[in-house]
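Asks: Have a look at this one before I ask anything.
Numbering (the working numbering), first residue to last: 1 to 89.
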């Protein structure tokens, strides 16, 4: 199995409040806190672009792109492992 790189993007608490219900479907909870788990991140502009894999209403895998203002980002953690998972031991 090849290695997969996954990113955990942590937002400022004020950003979570400002984005409200719109951001909730994309959030994951973990021991390190609430974050967005994604397969790609581009911070090269005013917006941070994140690539996520999700399921549509028919249950099919879809790739989507989520963009938030870069100023809303608190921390980005890059994780590389054989499983593509995210967590702490």
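We put the beta carbon where it would ideally sit given N, CA and C, even for glycine.
Quick one: what's residue 11 bridged to in DSSP?
Replies: Answer is 73.
Asks: Which stretch, first to last residue, makes up the beta strand (DSSP E) that contains residue 29?
Replies: Counting along the chain, residue 29 falls outside any beta strand (DSSP E), and DSSP gives it neither H nor E.
Asks: With DSSP collapsed to three states, give me the class of residue 20.
Replies: Residue state, collapsed to three classes: helix.
Asks: If you follow the beta strand (DSSP E) that residue 53 is in, where does it begin and where does it stop?
Replies: Counting along the chain, the beta strand (DSSP E) containing residue 53 begins and ends at 47-55.
Asks: For the beta strand (DSSP E) holding residue 59, just list the boundary residues, first then last.
Replies: Here residue 59 belongs to no beta strand (DSSP E), and DSSP marks it neither H nor E.
Asks: With DSSP as the reference, identify every bridge partner of residue 40, one or two as the case may be.
Replies: BP columns for residue 40 point to 51.
Asks: Taking all protein chains shown into account, decide if residue 68 is buried (16 or more other Cβ within 10 angstroms of its Cβ) or exposed.
Replies: Residue 68 comes out buried.
Asks: Out of 72, 52 and 56, point me to the one whose CA is closest to residue 100's CA.
Replies: Here the chain has residues from 1 to 89 only, and residue 100 is not among them.
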